[in-house]
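Q: In this text, residue positions in the sequence shown follow full-length UniProt numbering: the first is 1, and each later residue adds one.
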Amino acid sequence: MADLDLPAAIKKLDSKNLAGSIEQLDNQCEQVFGEIANLQINPDFANAEKIVVCGMGGSALGADVLKSLYFNELKVPLEIINGYSLPGHINEKTLVIFSSYSGITEEVLAAYDDAKDKGAKILAITSGGDLGQKIRSGEVEGYIFDPKYNPSGQPRMGLGYSILSQVLILAKLGFLKFGQDDLNKILVAIRKANSQSNIDVATDNNPAKQIAKKFVNKIPFLFASEHLVGNIHVFANQLNENAKVLSSYFTLPEVDHHLIEGLPSTNEIHERVIFFFLKSNLYSPRVLKRYDITKTLAEKNGFETVIIEPQFTTKLEQVFEFLTLGSWVSFYLAMLYDRDPSPIPNVDFLKNELSKE
Numbered sequence: 001m002a003d004l005d006l007p008a009a010i011k012k013l014d015s016k017n018l019a020g021s022i023e024q025l026d027n028q029c030e031q032v033f034g035e036i037a038n039l040q041i042n043p044d045f046a047n048a049e050k051i052v053v054c055g056m057g058g059s060a061l062g063a064d065v066l067k068s069l070y071f072n073e074l075k076v077p078l079e080i081i082n083g084y085s086l087p088g089h090i091n092e093k094t095l096v097i098f099s100s101y102s103g104i105t106e107e108v109l110a111a112y113d114d115a116k117d118k119g120a121k122i123l124a125i126t127s128g129g130d131l132g133q134k135i136r137s138g139e140v141e142g143y144i145f146d147p148k149y150n151p152s153g154q155p156r157m158g159l160g161y162s163i164l165s166q167v168l169i170l171a172k173l174g175f176l177k178f179g180q181d182d183l184n185k186i187l188v189a190i191r192k193a194n195s196q197s198n199i200d201v202a203t204d205n206n207p208a209k210q211i212a213k214k215f216v217n218k219i220p221f222l223f224a225s226e227h228l229v230g231n232i233h234v235f236a237n238q239l240n241e242n243a244k245v246l247s248s249y250f251t252l253p254e255v256d257h258h259l260i261e262g263l264p265s266t267n268e269i270h271e272r273v274i275f276f277f278l279k280s281n282l283y284s285p286r287v288l289k290r291y292d293i294t295k296t297l298a299e300k301n302g303f304e305t306v307i308i309e310p311q312f313t314t315k316l317e318q319v320f321e322f323l324t325l326g327s328w329v330s331f332y333l334a335m336l337y338d339r340d341p342s343p344i345p346n347v348d349f350l351k352n353e354l355s356k357e
């Protein structure tokens, strides 16, 4: 699809209404905020000395966003586990949160058994499946959400459920602060980003469509720092799954200690890779300075670059502003490649092969 300004053609290709999932991120957040307010949680969980979140793929993205956003506020360590087992330090003083959109993720269920064996404090977040049944039976505490505002059914597009549920549960336990004013800021940021990037906004005035066009026939290398590190992970994931393209993400200042020495590579790499910088005025001064220098180095070595700066002025708003913008970019890139963004045939194939005896 060469023309992104044909809404009817876009809707036809988008068979599961993934665009609707992007547009309803605000509704997801409002739903979770209202439901978590009435959730009863064991008060002893507030005594945890460390927090571990277990999840895979799209179900793990919320924890990445939370960890980056609240890096300076969380007073206990937060670790993210993407696998079948838990580290040896897990014990009765650890709060382990299991996040599985479907409730049947095999790695999460295996790690759940490990957490029980280690005597950890356990919470689960899911829409159903085996994990949901454990909550309903009273075996474990947790939150079961109805993903009614995620019409695509894809976990990576239910970020309001995964991010806000974890944030609000930790706020309820006193590990961080989040209230109505914070929700209002999120809603404003999401709605403004949607108003600028939805399918009815022409390319000339649509930042997401413009970025997507720059990514065509390119491998995006994505860069962010501090409170936006989780965002850049989400963006890479959505480019992989929605647009079906290779992409990888990096953090500054870390990459300035190694990646820049790999820039003088072959001409073929220069032609295929594009550097995308997510630069916030809220980054620390020394980190901010690195963006311009690193961008200059990339361009000197023949790489095309794109730099985006959030419009909003708080970390919370910037996170949700870019969650929305990045989702639209991945969606439009799928359109430009004539790909339905929802199906994930390779992931489905892998799961099917794993299920065979």
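Yeah, the Cβ is synthetic: ideal placement off N, Cα and C, and Gly gets one too.
Please read these numbers as outputs of a predicted model, since none were measured by experiment.
Going residue by residue through the segment 195 to 262, where are the continuous alpha helix (DSSP H) segments of at least 4 residues, counting only ones entirely within it?
A: 207 to 215, 229 to 238
Q: In the DSSP output, what is V273 paired with across the bridge?
A: Within the sequence shown, numbered from 1, the residue matching residue 273 stands at position 273. In DSSP, V273 forms a bridge with I219.
Q: V52 and V96 look like a contact to me (Cβ under 8 Å); what is the Cβ gap, rounded to whole Å?
A: Counted from its first residue, the sequence shown places residue 52 at position 52. Counted from its first residue, the sequence shown places residue 96 at position 96. V52 to V96, Cβ: 5 Å. Contact.
Q: Would DSSP call F98 helix, strand or coil?
A: For the purposes of this step, residue 98 is taken as residue 98 along the sequence shown, with counting starting at 1. Secondary structure of F98 (DSSP, three-state): strand.
Q: State the start and end residues of the unbroken alpha helix (DSSP H) segment that holds residue 359.
A: For residue 359 there is no data in the structure shown, the boundaries of the chain being 1 and 357.
Q: Using CA coordinates, which residue listed in A202, Q40, N194, K75 is at the minimum distance from G138?
A: Stepping through the sequence shown from its first residue, residue 138 is reached at position 138. When each option's Cα is compared against that of G138, the closest is Q40.
Q: Find the nearest neighbour of G174 within the set K289, S21, P43, judged by alpha-carbon distance.
A: On the sequence shown, residue 174 is found 174 positions in, with the first residue counted as 1. Closest option to G174, Cα to Cα, is P43.
Q: What is the rounded straight-line gap between the Cα of L13 and the Cα of E49?
A: Position 13 of the sequence shown, counted from the start, is the residue given in the question as residue 13. Position 49 of the sequence shown, counted from the start, is the residue given in the question as residue 49. In a straight line, the C-alpha of L13 is about 48 Å away from that of E49.
Q: Is the separation between the beta-carbon of F98 and that of L131 shorter than 8 Å?
A: In the sequence shown, residue 98 corresponds to position 98, counting from 1. In the sequence shown, residue 131 corresponds to position 131, counting from 1. The answer is yes: Cβ separation under 8 Å.
Q: Could you pull out every residue in the same chain whose Cβ sits closer than 7 Å to the Cβ of P253, ignoring the five residues on either side in sequence?
A: Reading the sequence shown from its first residue, position 253 is the one you call residue 253. The residues are V287, R290.
Q: So, does the segment 54 to 63 touch the segment 226 to 242, judging by three or more C-beta pairs under 8 Å?
A: Using a Cβ-Cβ distance cut-off of 8 Å, the segment 54 to 63 and the segment 226 to 242 are in contact, since at least three pairs of beta carbons, one from each stretch, lie closer than that value.
Q: Quick one: residues in its chain with C-beta nearer than 6 Å to the C-beta of E92, no 5 flanking neighbours on either side, listed in chain order?
A: Position 92 of the sequence shown, counted from the start, is the residue given in the question as residue 92. Result list for E92: G119, in chain order.
Q: Taking the alpha-carbon of T105 as reference, which of K121, V255, G57 has the nearest alpha-carbon?
A: By one-based count along the sequence shown, residue 105 stands at place 105. T105 has its Cα closest to that of G57, out of K121, V255, G57.
Q: Figure out for me which residue from R339, N242, P341, A115 has the closest Cα to the Cα of H89.
A: Here the question's residue 89 lines up with position 89 in the sequence shown. That would be A115, whose Cα lies nearest to the Cα of H89.
Q: Can you check the segment 53 to 126 for any beta strand (DSSP E) of at least 3 residues that lies completely inside it and give the ranges in chain order?
A: 78 to 81, 94 to 100, 121 to 126
Q: Assuming E321 is part of the alpha helix (DSSP H), what are its boundary residues?
A: Along the sequence shown, one-based indexing puts residue 321 at 321. It spans 315 to 336 - the alpha helix (DSSP H) in which E321 sits, taken as one unbroken run.
Q: Distance, Cα to Cα, S127 vs P264?
A: For the purposes of this step, residue 127 is taken as residue 127 along the sequence shown, with counting starting at 1. For the purposes of this step, residue 264 is taken as residue 264 along the sequence shown, with counting starting at 1. If you take the alpha carbons of S127 and P264, they lie about 47 Å apart.
Q: Among the candidates Y161, I22, Y70, whose CA atom is the shortest distance from the CA of G34?
A: By 1-based counting over the sequence shown, the position of residue 34 is 34. Minimum Cα distance to G34 is reached at Y161.
Q: What is the rounded straight-line gap between the Cα of A212 and the Cα of E226?
A: The residue you call residue 212 lines up with position 212 of the sequence shown. The residue you call residue 226 lines up with position 226 of the sequence shown. In a straight line, the C-alpha of A212 is about 24 Å away from that of E226.
Q: Tell me whether I293 is buried or exposed, calling it buried when 16 or more other Cβ atoms sit within 10 Å of its Cβ.
A: As a working mapping, residue 293 is identified with position 293 in the sequence shown. It is exposed - the Cβ of I293 has fewer than 16 other Cβ atoms within 10 Å.
Q: Count Cβ pairs between the segment 329 to 338 and the segment 202 to 216 that sit closer than 8 Å; are there 3 or more?
A: yes
Q: Between which two residues does the alpha helix (DSSP H) harbouring Y149 extend?
A: Working through the sequence shown from its first residue, we reach residue 149 at position 149. First-last for Y149: undefined, no H or E at that position.
Q: Which of the three DSSP states is assigned to K50 in this structure?
A: The residue you call residue 50 lines up with position 50 of the sequence shown. K50 falls in the strand class under three-state DSSP.
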